[in-house]
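The sequence shown finishes on residue 117 if you use the numbering used here, and the numbering steps up by one all the way, no holes.
Just below is one structure, and these are the notes that go with it.
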Amino acid sequence: MVGYFTRAVSSFTYRNFFKKESTYFTAIVVTGVGFSIVFNTAFDKYWNNKTAGTKWVDIKDRYKAKSRTIVVRLISAAGTGFTYVKQRPRTAAYRLTMMKFDPIVNKHVLFVENKIK
Numbered sequence: 001m002v003g004y005f006t007r008a009v010s011s012f013t014y015r016n017f018f019k020k021e022s023t024y025f026t027a028i029v030v031t032g033v034g035f036s037i038v039f040n041t042a043f044d045k046y047w048n049n050k051t052a053g054t055k056w057v058d059i060k061d062r063y064k065a066k067s068r069t070i071v072v073r074l075i076s077a078a079g080t081g082f083t084y085v086k087q088r089p090r091t092a093a094y095r096l097t098m099m100k101f102d103p104i105v106n107k108h109v110l111f112v113e114n115k116i117k
C-alpha cells in the first residue's frame, strides 16, 4: 500500500510539474533563487555575529578625525565688512579680537568676534 501511494505521488508530481521542459526549467530556477536567498541570509547573519566589533562600521568613530577647529566670523571695527577665520574651540568667555588689515580704509583695524547666523 505504501509503495502504491509513493508511486502515485511521484507519478502525479512528474506529470504535473516535470513533464514539460519549460516547467522543469522554471522549477530549477525558482528553487535555485530561493536557496541562494536563504543561504546568503543565513551566512550573513552568522558572519556578522562572528565578526561583530571588528568591521569598519563598528570602529570608524574611533579613527575618524574630529574637527579641532571652528569657523569664527570677525566684524571690522571700522564697519567696512567682515572676515572668517578658523580657531580652536575654547571655553573662555571673552570674545576673539584681532588686528587685521582692512583694504577699504587702507590700514590695520580691530576685528571683533561675532556669531555666525
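Glycine is no exception: its CB is placed at the ideal position from the N, C-alpha and C atoms.
In this text the structure is predicted, and so the values were computed from the model without any measurement.
Cβ neighbour criterion (16 or more within 10 Å) applied to residue i
{"i": "F12", "result": "exposed"}
{"i": "D120", "result": "Residue 120 falls outside the range modelled here, since the chain spans only 1 to 117, and no answer is possible."}
{"i": "F111", "result": "buried"}
Straight-line gap, residue i to residue j (C-alpha atoms, nearest Å)
{"i": "Y173", "j": "N16", "result": "The structure shown does not extend to residue 173, since the chain is modelled only from 1 through 117, so no value can be given for it."}
{"i": "T31", "j": "Y14", "result": "16 Å"}
{"i": "A78", "j": "V105", "result": "8 Å"}
{"i": "R62", "j": "E113", "result": "32 Å"}
Supposed contact pair residue j and residue i - C-beta distance, whole angstroms, cut 8 Å
{"i": "V109", "j": "K86", "result": "Between K86 and V109 the Cβ distance is about 20 Å, and since that is not below 8 Å, they are no contact."}
{"i": "T80", "j": "K100", "result": "Wrong, their Cβ atoms sit about 11 Å apart, outside the cutoff."}
Beta-carbon proximity check, residue i vs residue j, cutoff 8 Å
{"i": "A27", "j": "F18", "result": "yes"}
{"i": "T69", "j": "R90", "result": "no"}
Review point. When the Cβ atoms of the segment 71-91 are set against those of the segment 43-57, are three or more pairs found closer than 8 Å?
Key: Segments in contact, no.
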